[in-house]
Every structure is written in structure tokens, then in C-alpha cells.
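What follows is a short report on a single structure.
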Amino acid sequence: MIITKENITNFIPHRAPFLMIDNLIFADAERFESDFFIEENNVLVRSGYFEESGLIENIAQTCAAGFGFLDHGNGAEPKIGFIGAVTKLEVFELPAIHSKINTIVTPTYQLGNIFLVKGENYCNGRKLLECEIKIVVT
Amino acid sequence: MNETFVTMGLEDIIEDTRDFLSEEFEVDRDLILPENSLKDTLDLDSLDYVDLVVLIEENLNIKVTGEDFKEIETFGDFYALIQKKLSL
């Protein structure tokens, strides 16, 4: 674990109740990995399940934490990023409350200040959702 | 030189490029002409350029950077870039 839940807000701009990542487990230039425990009072829980939008936000925040960690290692301030587009979205299942999800983000292309990343969420080894996100970094 | 395209001439590559651009960006293939604007014809915004970079790499196996696009106005410029990248 390279960033714990207690320190994650030092690396990303998101704050409760819209904090959708706990720990950053791994990050290098090619891959970021995080985990997140879904509390029942999460604002993106409906009818006992974490919504698709929560899974996408979790991918985006994993991406922010990964880039924030790498920027910090290079002595730079973490940058602010915005979701520009979500494409190639496939939802397989939604995780129930009180489950822990693991998320893998793979940066695939960069063109100027726009990054294309592939994101995948898993729960107990089962894939929940995958998509590509274009993130515009300020 | 890119081995994949050693046996293809520039004309073949241009025709292939017109095919995948028209399909991906849902544009009439006949509008993809050397003198026409790449940006206007494909209706590209800044995010679409990322898709274009991905398409070029997947279809032509060459890498294009943001710097490369600064010189490109028309499809003719675009084909010249491909030609340069493939050393044809």
C-alpha cells in the first residue's frame, strides 16, 4: 500500500462525501491500483448497491491518486483533472454495500494534457465494470 | 521503415486511412480529400484528437504526438505526415 486512506486527500482534490477511494495500493507509469470499501451511507448507493456512476468515479479518483502520487514523487504538485469523456463502457454487475472493490487503471495514451485511461473494477475477482475515460489535466 | 507497410504504397495507405476515418468519425468517405480540412471535415474537438491518435496507431502502427498535429491543416498534410512516419 503506497497511500493509505488516512492520507489519500493529500493526493487528490476530492472530499467526503464524494470520496470514492480508500487506499492506493500500487502506482507506476503503466498501472494504478486502489481499493474501496462501500459503506451503506455512501451517496452513490441505491437500494443496497453501489451505482455505475460510483464505479466510474472510483476509476477517475484512482487515476487522480495515481497521477498525484507520481507527481509527488517527481516533486510536482498534484494536478487537477476533469473527466472529458467516458467510452466503451460495459457494466457486468454492481457491488453490494459492505463489499470491497479493487480497481485497476491503465494509462494508454497521452496527447498534450489529455490522457486516455482504461479502468476496471473488481469485487472478489469478478469484473464489475470496464470503460475508457479521457481525462483533461489542468 | 514500418514492416507492416513495406509492401503497401502510399496510395493504398491513403485509401485504407479514408476507410477507417470515415467509419470512425461517421463522415462521407468522399469528403476525405487532400485539400479538405482535417479538423472541420471530421468535426474534431480536442478530445477527438486522442481517438485519432489511437486509430492511427491501431491501423497504421505508427505513433503520432500532439506536436505532429500542429503542422496539419488538411488531409494532404496528414498523408504527408504518415508518409514521413512510414519513411515511404
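The listed protein sequences derive, respectively, from chains C and X.
Just so you know, this note's numbering puts 158 at position 60 of the first sequence, and the rest follows in order with no gaps.
Just so you know, this note's numbering puts 142 at position 13 of the second sequence, and the rest follows in order with no gaps.
Glycine included, C-beta positions come from ideal geometry on N, C-alpha and C.
Quick caveat, the model's predicted, so the values are computed rather than measured.
Under the three-state DSSP convention, the category residue i falls into
| i | result |
| --- | --- |
| Asn219 (chain C) | strand |
| Val179 (chain X) | helix |
| Thr170 (chain X) | helix |
| Asp157 (chain X) | coil |
| Ile191 (chain X) | coil |
| Gly166 (chain C) | helix |
| Ala174 (chain C) | coil |
| Asn140 (chain C) | coil |
| Phe180 (chain C) | strand |
| Asn156 (chain C) | helix |
| Leu187 (chain C) | strand |
| Phe109 (chain C) | coil |
| Ala127 (chain C) | coil |
| Thr203 (chain X) | strand |
| Ile100 (chain C) | coil |
Chain X contact residues for residue i, given Cβ-Cβ distances below 8 angstroms
| i | result |
| --- | --- |
| Ile85 (chain C) | With chain C represented from 99 up to 236, any question about residue 85 (chain C) goes unanswered, as that position is not in the structure. |
Residues near residue i in its chain [Cβ-Cβ closer than 6 angstroms; skip 5 each side]
| i | result |
| --- | --- |
| Met130 (chain X) | At Met130 (chain X) the pLDDT is 49, less than 50, meaning the model places this residue with poor confidence; the figure from the coordinates comes in the next sentence. The answer, listed in chain order, is Ser216. |
| Lys214 (chain X) | Ile191 |
| Ser175 (chain X) | none |
Beta-carbon contacts of residue i that lie in its chain and below 7 angstroms, excluding the five residues immediately before and after
| i | result |
| --- | --- |
| Ile101 (chain C) | Phe109, Asn121, Leu122, Ala163 and Phe167 |
| Ala125 (chain C) | Ile100, Gly164, Phe167 and Leu168 |
| Val234 (chain C) | Gly179, Phe180, Gly182, Asn211 and Ile212 |
| Gly138 (chain X) | none |
| Ala194 (chain C) | Gly146 and Tyr147 |
Close beta carbons around residue i, own chain, < 8 angstroms, minus the five adjacent residues each side
| i | result |
| --- | --- |
| Leu142 (chain C) | Met118, Phe148, Glu149, Ser151, Gly152 and Glu155 |
| Thr107 (chain C) | Arg113 and Leu117 |
| Leu210 (chain X) | Val193, Asp197, Glu200 and Ile201 |
DSSP bridge partner residues for residue i (one or two, in chain order)
| i | result |
| --- | --- |
| Arg224 (chain C) | C:Cys221 |
| Asn121 (chain C) | C:Asp133 |
| Ala114 (chain C) | DSSP output for Ala114 (chain C) lists no bridge partner at all. |
| Leu214 (chain C) | C:Tyr207 and C:Lys232 |
| Thr201 (chain C) | C:Ser132 and C:Asn219 |
| Phe148 (chain C) | C:Val143 |
| Ala194 (chain C) | C:Tyr147 |
Within chain X, partners of residue i - CB distance below 7 angstroms
| i | result |
| --- | --- |
| Leu209 (chain C) | Tyr178, Val179, Val182 and Gly195 |
| Ala183 (chain C) | Leu176 |
Min CB distance residue i to chain X below 8 angstroms
| i | result |
| --- | --- |
| Lys225 (chain C) | no |
Listed by chain order, chain X residues near residue i by CB distance under 9 angstroms
| i | result |
| --- | --- |
| Lys232 (chain C) | Leu176, Val179 and Asp180 |
Heavy atom of the ligand GTP within 7 angstroms of residue i beta-carbon
| i | result |
| --- | --- |
| Phe148 (chain C) | Annotation note on the ligand GTP: not contained in the displayed structure, which lists no ligands. |
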